[in-house]
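Enquirer: The structure is given below, and queries will be raised subsequently.
There are 2 protein chains.
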Amino acid sequence: MALIVQKYGGTSVGSVERIQAVAERVKRWRDQGHRVVVVVSAMSGETDRLLGLARKIQPCPEPRELDVLLSTGEQVTIALLSMALAAQGCAARSYTGAQVHILTDSVHNKARIRDIDAARVHADLEAGRVVVVAGFQGVDEHGDITTLGRGGSDTSAVAIAAALKADECQIYTDVDGVYTTDPRVEPRARKLDRITFEEMLEMASLGSKVLQIRSVEFAGKYRVPLRVLSSFGEGEGTLITFEEDVVEDAKIAGIAFSRDEAKLTILGVPDQPGIAHRILGPIAAANIEVDMIIQNIATEEPTTDFTFTVHRSDYARAMEILRTLASELGARQTLGDEQIVKISLVGVGMRSHAGIASRMFETLAVEGINIRMISTSEIKISVVVDEKYLELGVRALHQAFGLDGVQAA
Amino acid sequence: MALIVQKYGGTSVGSVERIQAVAERVKRWRDQGHRVVVVVSAMSGETDRLLGLARKIQPCPEPRELDVLLSTGEQVTIALLSMALAAQGCAARSYTGAQVHILTDSVHNKARIRDIDAARVHADLEAGRVVVVAGFQGVDEHGDITTLGRGGSDTSAVAIAAALKADECQIYTDVDGVYTTDPRVEPRARKLDRITFEEMLEMASLGSKVLQIRSVEFAGKYRVPLRVLSSFGEGEGTLITFEEDVVEDAKIAGIAFSRDEAKLTILGVPDQPGIAHRILGPIAAANIEVDMIIQNIATEEPTTDFTFTVHRSDYARAMEILRTLASELGARQTLGDEQIVKISLVGVGMRSHAGIASRMFETLAVEGINIRMISTSEIKISVVVDEKYLELGVRALHQAFGLDGVQAA
Numbered sequence: 002m003a004l005i006v007q008k009y010g011g012t013s014v015g016s017v018e019r020i021q022a023v024a025e026r027v028k029r030w031r032d033q034g035h036r037v038v039v040v041v042s043a044m045s046g047e048t049d050r051l052l053g054l055a056r057k058i059q060p061c062p063e064p065r066e067l068d069v070l071l072s073t074g075e076q077v078t079i080a081l082l083s084m085a086l087a088a089q090g091c092a093a094r095s096y097t098g099a100q101v102h103i104l105t106d107s108v109h110n111k112a113r114i115r116d117i118d119a120a121r122v123h124a125d126l127e128a129g130r131v132v133v134v135a136g137f138q139g140v141d142e143h144g145d146i147t148t149l150g151r152g153g154s155d156t157s158a159v160a161i162a163a164a165l166k167a168d169e170c171q172i173y174t175d176v177d178g179v180y181t182t183d184p185r186v187e188p189r190a191r192k193l194d195r196i197t198f199e200e201m202l203e204m205a206s207l208g209s210k211v212l213q214i215r216s217v218e219f220a221g222k223y224r225v226p227l228r229v230l231s232s233f234g235e236g237e238g239t240l241i242t243f244e245e246d247v248v249e250d251a252k253i254a255g256i257a258f259s260r261d262e263a264k265l266t267i268l269g270v271p272d273q274p275g276i277a278h279r280i281l282g283p284i285a286a287a288n289i290e291v292d293m294i295i296q297n298i299a300t301e302e303p304t305t306d307f308t309f310t311v312h313r314s315d316y317a318r319a320m321e322i323l324r325t326l327a328s329e330l331g332a333r334q335t336l337g338d339e340q341i342v343k344i345s346l347v348g349v350g351m352r353s354h355a356g357i358a359s360r361m362f363e364t365l366a367v368e369g370i371n372i373r374m375i376s377t378s379e380i381k382i383s384v385v386v387d388e389k390y391l392e393l394g395v396r397a398l399h400q401a402f403g404l405d406g407v408q409a410a
Numbered sequence: 002m003a004l005i006v007q008k009y010g011g012t013s014v015g016s017v018e019r020i021q022a023v024a025e026r027v028k029r030w031r032d033q034g035h036r037v038v039v040v041v042s043a044m045s046g047e048t049d050r051l052l053g054l055a056r057k058i059q060p061c062p063e064p065r066e067l068d069v070l071l072s073t074g075e076q077v078t079i080a081l082l083s084m085a086l087a088a089q090g091c092a093a094r095s096y097t098g099a100q101v102h103i104l105t106d107s108v109h110n111k112a113r114i115r116d117i118d119a120a121r122v123h124a125d126l127e128a129g130r131v132v133v134v135a136g137f138q139g140v141d142e143h144g145d146i147t148t149l150g151r152g153g154s155d156t157s158a159v160a161i162a163a164a165l166k167a168d169e170c171q172i173y174t175d176v177d178g179v180y181t182t183d184p185r186v187e188p189r190a191r192k193l194d195r196i197t198f199e200e201m202l203e204m205a206s207l208g209s210k211v212l213q214i215r216s217v218e219f220a221g222k223y224r225v226p227l228r229v230l231s232s233f234g235e236g237e238g239t240l241i242t243f244e245e246d247v248v249e250d251a252k253i254a255g256i257a258f259s260r261d262e263a264k265l266t267i268l269g270v271p272d273q274p275g276i277a278h279r280i281l282g283p284i285a286a287a288n289i290e291v292d293m294i295i296q297n298i299a300t301e302e303p304t305t306d307f308t309f310t311v312h313r314s315d316y317a318r319a320m321e322i323l324r325t326l327a328s329e330l331g332a333r334q335t336l337g338d339e340q341i342v343k344i345s346l347v348g349v350g351m352r353s354h355a356g357i358a359s360r361m362f363e364t365l366a367v368e369g370i371n372i373r374m375i376s377t378s379e380i381k382i383s384v385v386v387d388e389k390y391l392e393l394g395v396r397a398l399h400q401a402f403g404l405d406g407v408q409a410a
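Keeping their order, the protein sequence lines are chains A and B. So that you can map any letter, position 345 of the first sequence is 346 in my numbering, and since no number is skipped, the others follow by simple counting. So that you can map any letter, position 329 of the second sequence is 330 in my numbering, and since no number is skipped, the others follow by simple counting.
The structure is reproduced here in structure tokens:
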């Protein structure tokens with residue numbers, strides 16, 4: 002008799018038939034005596050259709066109005082799913098983000114959730130109804146509609162689960178769980194039954210696209226047990242747990258990677274206190290996120306070389322800023338590389354096991370893969386390598402760390 | 002420097018290009034210094050598309066959820082129109098029905114407006130913005146989304162005009178004003194520059210589809226000056242006025258007609274007090290609206306014959322009820338006729354001019370049109386005739402009462 006929050010993404014509700022299949026699944030949980038809240042995305046294709054209309058009018062649509070427009074996508078889904086549930090004899094009631102007071106800040110198109118009024122949802126659950134909530138959207142303190150940005154429905158689901166103190170938040174998707182790495186790159190990738198919250202957070206931030214990172218952060222903050230599972234098949238999926246000791250005894254949980262990296266270097270800047278801020282300040286001011294940062298003593302003292310990575314889509318803007326800085330600072334040269342990727346090992350086991358890093362570097366060396374940058378945290382090691390080595394590196398590491406499962410048929 | 006409420010229907014906002022044209026028109030009013038509130042419908046075809054999705058799931062969709070679904074139609078339009086205004090350098094802000102607190106009762110799919118909170122709209126107008134409001138929709142006291150039923154956007158516009166104490170409410174449509182009769186039936190039909198509110202009310206209730214009747218009632222109740230005009234061409238349209246004396250000196254303003262009529266008769270029921278209620282009570286209880294009613298002394302006393310008309314779509318249900326009643330009351334027979342229409346003369350001039358009715362009857366007699374039922378009010382005379390005489394009757398009356406204008410090219 003648990004309280005379950007289920008989230009279904011755009012593909013899972015992509016047609017009337019699929020919405021009816023979701024209703025059947027929800028009803029099965031309901032019939033087992035559970036109280037169920039369902040969070041849904043827009044039907045697949047709908048958000049792009051609406052964006053297309055907007056862009057015919059304004060290449061960069063007004064953020065406030067774009068949210069008014071896009072939020073209709075989920076509103077259509079909640080109504081149709083509630084009808085499908087009713088048609089199957091399962092009482093249901095739909096709510097937009099505003100109706101359940103998913104209060105956000107006022108940053109249109111990528112708002113953050115501040116608070117949720119759970120009273121109305123609880124009242125419906127008490128009355129035996131399934132509650133269907135529009136994901137991705139909220140309302141700010143002025144009553145303006147906001148959206149959380151792409152993938153925000155995961156965050157909505159976790160936030161609602163936290164507000165309701167749900168027993169579990171189930172994210173239904175088109176894969177059947179979290180894998181040791183992307184099965185499209187390594188067919189021997191194995192589904193994990195469990196993964197710790199910290200590992201999942203690293204996996205998400207390092208490029209695994211199964212869960213949106215903000216939803217994982219939210220789950221961590223409010224200790225919401227999350228489960229990723231398939232909306233098409235059956236199976237238990239992957240549980241993101243807070244109990245580290247029950248997790249399988251593996252040093253490494255998985256290998257994440259990101260193709261969207263770019264590297265920038267400024268050579269021969271004065272080696273003075275505050276130089277990092279002089280260089281990265283203007284980058285941050287342009288709203289460009291910097292990931293890895295390395296500062297080396299340059300060959301010609303008293304200058305230093307400075308390298309950092311950014312998202313590939315920010316590369317051109319970042320390089321322009323860096324060139325301006327270079328002439329201001331009297332730097333010797335700027336360099337850039339857009340053909341790089343990041344590969345990361347993630348695992349809480351790393352904490353207590355020495356030698357993970359050295360085995361990683363050794364494995365890559367054996368394959369002749371040159372490491373360009375390294376960054377570490379307590380539970381992950383990331384390396385930047387040339388783009389062409391991505392598949393080779395991932396597969397070699399997957400085998401070296403004993404992650405290989407039975408190859409998918 | 003007037004405060005103008007403009008309403009654009011589905012055809013007027015049926016594509017991105019038409020929405021941009023509406024934005025241009027709105028901006029022209031704005032640039033003349035007027036404060037403008039725009040009320041819009043869903044893009045033409047959108048409501049039917051959404052209804053189609055719903056009906057694939059439930060033949061009779063849940064009323065509450067249908068409102069959640071259909072209300073997205075106008076929400077898309079308000080966002081796109083606000084963007085189009087912004088793209089033309091005209092600051093604008095969109096609001097759903099709920100956001101401007103268009104408070105309605107809780108009768109989903111045909112809710113009635115109770116109240117509107119105009120404060121937010123006034124604040125935006127003061128700040129120099131155009132305000133774009135979703136028509137057709139509101140919110141009930143529980144925060145549930147409601148819709149006003151088809152054509153409800155007219156009513157939204159008038160209600161908003163009333164709440165804002167607007168100087169004029171302009172209904173933009175695909176015709177350029179109110180005509181003496183439907184130009185598709187009588188090509189000599191003439192556009193009226195002005196019509197009184199009472200005449201417009203009769204015209205709307207008698208089958209003229211230019212304005213939705215509830216919007217005219219609302220305009221009357223709050224004395225909102227209404228103007229009907231074309232969203233495609235220019236021109237002054239038709240003003241619905243409360244100043245009877247300035248209206249052109251015509252006895253008859255126009256001829257309305259309705260094809261959606263059906264007639265039912267029950268013969269030989271006991272002529273007792275309360276018999277009308279015995280017959281019409283069950284009809285009303287089935288939510289069927291009765292229009293004209295005639296009770297005759299039957300040829301065989303002490304019985305009576307009873308005839309009434311209903312909307313053609315209610316005919317089958319009404320006839321079923323009547324047959325049950327007939328056997329309960331021991332009536333001699335029931336008769337029905339679905340092949341009838343109603344033609345009505347409307348004009349405030351009727352009050353002070355005798356002989357209108359007799360000239361009407363004479364005109365129809367000359368054409369050999371048999372009158373089946375008659376009903377009158379202070380400013381209208383309606384007759385029921387066989388369906389086949391509709392065009393002939395309308396044209397003969399149009400000419401007889403001097404309504405003919407210059408024939409449209």
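We put the beta carbon where it would ideally sit given N, CA and C, even for glycine.
Under a Cβ-count criterion, where at least 16 other Cβ atoms within 10 Å of its own Cβ denotes burial, should A/THR174 be classed as buried or exposed?
Expert: In the first sequence, the residue the question calls residue 174 of chain A occupies position 173. Classification of A/THR174: buried, given that the 10 Å Cβ count is 16 or more.
Enquirer: Helix or strand or just coil, what does DSSP make of B/ALA55?
Expert: To locate residue 55 of chain B, count along the second sequence from 1; it is residue 54. In this structure, B/ALA55 counts as helix in the three-state DSSP scheme.
Enquirer: Specify the secondary structure class of B/ASP118 as computed by DSSP and reduced to three states.
Expert: As a working mapping, residue 118 of chain B is identified with position 117 in the second sequence. It is coil, neither helix nor strand.
Enquirer: Who are the Cβ neighbours of B/ARG113 in its own chain at under 7 Å, not counting the five residues just before and after it?
Expert: For this step, residue 113 of chain B is matched to residue 112 along the second sequence. Answer for B/ARG113: THR105, ASP106, listed in chain order.
Enquirer: Please list, in chain order, all residues of the same chain as B/ALA410 whose beta carbon is under 8 Å from its beta carbon, the five residues on each side excluded.
Expert: Taking the first residue of the second sequence as position 1, residue 410 of chain B is located at position 409. Per-residue confidence for B/ALA410 stands at a pLDDT of 39, beneath the threshold of 50, marking its modelled position as unreliable; the derived number appears in the next sentence. No residues qualify anywhere along the chain.
Enquirer: Is the Cβ of A/THR147 closer than 7 Å to any Cβ of chain B?
Expert: Translated into the one-based positions of the first sequence, residue 147 of chain A becomes position 146. Answer no: the Cβ-Cβ gap between A/THR147 and chain B never drops below 7 Å.
Enquirer: From the DSSP secondary-structure annotation, give me the bridge partner or partners of B/HIS312.
Expert: Mapped onto the second sequence, residue 312 of chain B falls at position 311. In DSSP, B/HIS312 forms a bridge with B/GLU262.
Enquirer: Looking at chain B, is there any beta carbon in it that lies within less than 7 Å of the beta carbon of A/VAL77?
Expert: Along the first sequence, one-based indexing puts residue 77 of chain A at 76. So, interface residue.
Enquirer: Between B/GLU200 and B/GLY348, how many whole angstroms is the CB-CB distance? I'm expecting something under 8 Å.
Expert: Taking the second sequence and counting its residues from 1, the one referred to as residue 200 of chain B is at position 199. Taking the second sequence and counting its residues from 1, the one referred to as residue 348 of chain B is at position 347. The pair is a contact, with the Cβ atoms about 6 Å apart (cut-off 8 Å).
Enquirer: Among residues of its own chain, excluding the 5 on either side of A/THR97, which ones have a beta-carbon nearer than 6 Å to its beta-carbon?
Expert: For the purposes of this step, residue 97 of chain A is identified with residue 96 of the first sequence, where counting begins at 1. Result list for A/THR97: GLN76, ALA135, in chain order.
Enquirer: In chain order, what residues of the same chain lie with their CB nearer than 6 Å to the CB of A/ILE20, ignoring the 5 residues before and after it?
Expert: In the first sequence, counting from the first residue as 1, residue 20 of chain A sits at position 19. Within the same chain, A/ILE20 has close Cβ partners VAL14, LEU81, LEU82, ALA85.
Enquirer: Give the DSSP-derived three-state secondary structure of A/GLN408 in the structure shown.
Expert: To locate residue 408 of chain A, count along the first sequence from 1; it is residue 407. For A/GLN408, the pLDDT reaches just 47, beneath the cut-off of 50, and the residue's location in the model is therefore unreliable, although a value from the coordinates is still provided. Reduced to three states, the DSSP call for A/GLN408 is coil.
Enquirer: Classify B/GLN408: buried if its beta carbon has 16 or more other beta carbons within 10 angstroms, exposed otherwise.
Expert: Position 407 of the second sequence, counting from 1, holds the residue named residue 408 of chain B. Residue placement at B/GLN408 is poorly supported in this model, since its pLDDT is 46, which falls under 50; the coordinates still yield a value, given next. Exposed: under 16 other Cβ atoms inside 10 Å.
Enquirer: Taking three-plus beta-carbon pairs below 8 Å as touching, is the stretch 389-405 of chain A in contact with the stretch 366-373 of chain A?
Expert: Judged by Cβ distances under 8 Å, the stretch 389-405 of chain A makes contact with the stretch 366-373 of chain A, as three or more pairs qualify.
Enquirer: A/ALA190 and A/GLY406 look like a contact to me (Cβ under 8 Å); what is the Cβ gap, rounded to whole Å?
Expert: Walking along the first sequence from the start, residue 190 of chain A turns up at place 189. Walking along the first sequence from the start, residue 406 of chain A turns up at place 405. Their Cβ separation, rounded to whole angstroms, is 7 Å, which keeps A/ALA190 and A/GLY406 in contact under 8 Å.
Enquirer: Scan the stretch 96-109 of chain A for residues whose Cβ lies nearer than 8 Å to a Cβ of chain B and list them as they occur along the chain.
Expert: Correct list: THR97, ALA99, GLN100.
Enquirer: Taking the CB atoms as reference points, tell me whether B/ALA158 and B/VAL37 lie closer together than 7 Å.
Expert: Your numbering for residue 158 of chain B matches position 157 in the second sequence. Your numbering for residue 37 of chain B matches position 36 in the second sequence. Contact flag unset, no.
Enquirer: Determine whether the Cβ of B/GLN59 lies closer than 7 Å to any Cβ atom of chain A.
Expert: For the purposes of this step, residue 59 of chain B is taken as the residue at position 58 of the second sequence. Interface residue, yes.
Enquirer: Closer than 7 Å, CB to CB, is B/LEU81 near chain A or not?
Expert: Locating residue 81 of chain B in the second sequence gives position 80, where the first residue counts as 1. It does; some Cβ of chain A falls within 7 Å.
Enquirer: Are there 16 or more other CB atoms within 10 angstroms of the CB of B/ILE196, so buried, or fewer, so exposed?
Expert: To locate residue 196 of chain B, count along the second sequence from 1; it is residue 195. The residue in question, B/ILE196, is buried, as its Cβ has 16 or more Cβ neighbours within 10 Å.
Enquirer: For the pair the stretch 201-212 of chain B and the stretch 252-259 of chain B, tell me if three or more CB-CB distances fall below 8 Å.
Expert: The stretch 201-212 of chain B, when compared against the stretch 252-259 of chain B, does touch it at the 8 Å Cβ threshold.
Enquirer: Does the CB of B/LEU336 have a neighbour CB from chain A at under 7 Å?
Expert: The residue labelled residue 336 of chain B in the question sits at position 335 within the second sequence. Cβ-Cβ to chain A under 7 Å: no for B/LEU336.
Enquirer: For B/PRO62, return the contacting residues in chain A, with the cut-off set at a CB-CB distance below 7 Å.
Expert: Indexing the second sequence from 1 puts residue 62 of chain B at position 61. Those are MET84, listed as they occur along chain A.
Enquirer: Quick check on DSSP: helix, strand or coil for A/SER345?
Expert: The count along the first sequence starts at 1 and reaches residue 345 of chain A at position 344. The answer is strand: DSSP assigns A/SER345 an E or B state.
Enquirer: Is the distance from the Cβ of A/GLU169 to the Cβ of A/ARG215 below 7 Å?
Expert: Position 168 of the first sequence, counting from 1, holds the residue named residue 169 of chain A. Position 214 of the first sequence, counting from 1, holds the residue named residue 215 of chain A. In this structure, A/ARG215 does not lie closer than 7 Å to A/GLU169 by Cβ.
Enquirer: Would A/THR48 and A/GLY90 be called neighbours here (beta carbons separated by less than 7 Å)?
Expert: Taking the first residue of the first sequence as position 1, residue 48 of chain A is located at position 47. Taking the first residue of the first sequence as position 1, residue 90 of chain A is located at position 89. Cβ atoms of A/THR48 and A/GLY90: not closer than 7 Å.
Enquirer: What's the C-alpha gap between A/VAL1 and A/ALA397?
Expert: The question about residue 1 of chain A has no answer here: the residues shown for chain A are numbered 2 through 410.
Enquirer: I'd like the list of long-range same chain contacts for B/GLY144, defined as Cβ closer than 8 Å, with 5 residues on each side in sequence excluded.
Expert: Position 143 of the second sequence, counted from the first residue, corresponds to residue 144 of chain B. Around B/GLY144: ALA99.
Enquirer: Under 7 Å between C-beta atoms, does B/THR325 make it to chain A?
Expert: Here residue 325 of chain B corresponds to residue number 324 of the second sequence, with the count starting at 1. No, its Cβ sits nowhere closer than 7 Å to a Cβ of chain A.
Enquirer: What is the C-beta distance between A/LEU326 and A/PRO283, in whole angstroms, given that I count them as a contact (C-beta under 8 Å)?
Expert: On the first sequence, position 325 is the one that residue 326 of chain A refers to. On the first sequence, position 282 is the one that residue 283 of chain A refers to. Sure, about 6 Å apart at Cβ, within 8 Å.
Enquirer: Would the beta-carbon of B/ILE16 fall within 7 Å of that of A/GLU66?
Expert: Along the second sequence, one-based indexing puts residue 16 of chain B at 15. Along the first sequence, one-based indexing puts residue 66 of chain A at 65. Reading the sequence as shown, one finds Ser at residue 16 of chain B and not Ile. Not a contact, by the Cβ cut-off of 7 Å.
Enquirer: Rank B/ILE253, B/LEU149, B/GLN171, B/ILE146 by C-alpha distance to the C-alpha of B/LEU193 and give the top, closest one.
Expert: The sequence position of residue 193 of chain B within the second sequence is 192, counting from 1. Closest option to B/LEU193, Cα to Cα, is B/ILE253.
Enquirer: Closest to A/SER383 by C-alpha separation, out of A/LYS389, A/GLN400, A/LEU365, would be which residue?
Expert: Here residue 383 of chain A refers to the residue found at position 382 of the first sequence. Cα-wise, what sits closest to A/SER383 is A/LEU365.
Enquirer: Taking the alpha helix (DSSP H) that B/ASP292 falls in, what are its first and last residues?
Expert: Position 291 of the second sequence, counted from the first residue, corresponds to residue 292 of chain B. Segment 291-298 is the beta strand (DSSP E) holding B/ASP292; no alpha helix (DSSP H) there.
Enquirer: Helix, strand or coil: which one does DSSP assign to B/GLN21?
Expert: In the second sequence, residue 21 of chain B corresponds to position 20, counting from 1. Three-state DSSP puts B/GLN21 in a helix.
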